[in-house]
Amino acid sequence: MISVLLLRNQYADIERLAHAVIAFGEVNNLPEEIVGDIRLALEEVVTNVMMHGYTDNAPHEIEIRFSAVPHRVSFTVIDDGQPFDPLSTARRDLEKGFDDGKIGGLGIHLYTQLMDTVSYQRLNDRNLLVMAKRIPGHRTSD
Amino acid sequence: MALDVTITQKADGAYIVSPIGSLDTASFQTFDQQVKTIIDAGATLVVLDMGQLKYISSIGVRSIMLVRNGVTKRGGKVLFMNLQPQIKKVFDIIKAIPSMQIFSSVAELDEYLDAMQKSVLQSEGE
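Chains P and E supply the protein sequences, listed in that same order.
Taken in order, the first sequence gives residues 4 to 145; the numbers are from the numbering used here.
Taken in order, the second sequence gives residues 1144 to 1269; the numbers are from the numbering used here.
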């Protein structure tokens, strides 16, 4: 089952994302801890897009696609912001190391740790970030 | 999923800050504004009681680090209390609490404060 959520590039919409993740968790019988991980990972991705993705002040739409199959959930975040590959940024930050002064990149580090796989591609002038997480012992309600 | 912040003064310059709810993109500014008042007032000991914090994102961690920087800059201390598993997990992943002391109860904290005040009194008496 795939469901789609459209957010505006406004921080207020982060709360709609949280509600959508909780609903997705309920429909698919996901353990509470996993739902928390998903919420955090998606919020980090979407916050980064809202904060750094756009050079104009125009309204933009961020699309999030939720998918669940037995033992696995995956999410795709699609935005029309500037090209941005978070994975190459994350590698750079890890090499430099974090300290109190430089806390950018923490979000990327968080979601790459919370998810099992994260991949990026630029397609049709859009950023596509696909994240997946294995859920041992899980069955969807479908 | 909003945030409330309660601040209690425990002693001169010592405060307990309790974020209640979610410390995230939607709420970090509320938190920053509230703690700024005690940092501006010269707080030298800030105890972050995380017992009722349900959720934190990296922007919330950034806010916590700003508190720590503001207080430690003047030789003060920031301590944690009642860190919940889901919050600890985030700090663990980003290795953000290397040297911060964590208390599991108010009683433990009170003991610490007592001992600290006694040592202050002793050094003043010398």
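Here a beta-carbon is modelled for each residue, glycine too, at the ideal position from N, C-alpha and C.
Bear in mind the structure is a predicted one, so any value in this text is a computation, not a measurement.
- In the three-state scheme derived from DSSP, where H, G and I count as helix and E and B as strand, residue 6 of chain P is classed as strand.
- Counting only the Cα atoms, residue 134 of chain P lies some 14 Å from residue 38 of chain P.
- In its chain, beyond the 5 residues on either side, 11, 12, 56, 57, 82, 83, 84 have a beta carbon closer than 8 Å to the beta carbon of residue 63 of chain P.
- With respect to residue 108 of chain P, residue 50 of chain P sits apart: the two C-beta atoms are not nearer than 8 Å.
- P:113 is the residue among P:90, P:92, P:86, P:113 whose C-alpha sits nearest the C-alpha of residue 1237 of chain E.
- Rounded to whole angstroms, the separation of the alpha carbons of residue 1259 of chain E and residue 79 of chain P is 51 Å.
- Assigned with DSSP and collapsed to three states, residue 1228 of chain E falls in helix.
- Secondary structure at residue 129 of chain P: strand, using DSSP grouped into helix, strand and coil.
- For residue 50 of chain P, the closest Cβ of chain E is nearer than 8 Å.
- Neighbours of residue 14 of chain P in chain E, taken as residues whose beta carbon is under 8 Å from its own, are 1168, 1169 in chain order.
- Residue burial annotation: residue 1201 of chain E is buried, with at least 16 other C-beta atoms found within 10 angstroms of its C-beta.
- Contact check for residue 1177 of chain E and residue 1150 of chain E: beta-carbon distance about 6 Å, within the 8 Å limit, so the pair qualifies.
- What residue 1202 of chain E touches in chain P, judged by beta-carbon distance under 8 Å, is 50, 110, going in chain order.
- Residue 1174 of chain E places its beta carbon 8 Å or farther from that of residue 1196 of chain E.
- Against chain E, the CB of residue 66 of chain P has no partner CB under 8 Å away; the residue lies outside that interface.
- The contact set of residue 1233 of chain E on chain P, defined by CB atoms closer than 8 Å, consists of 43, 113 in chain order.
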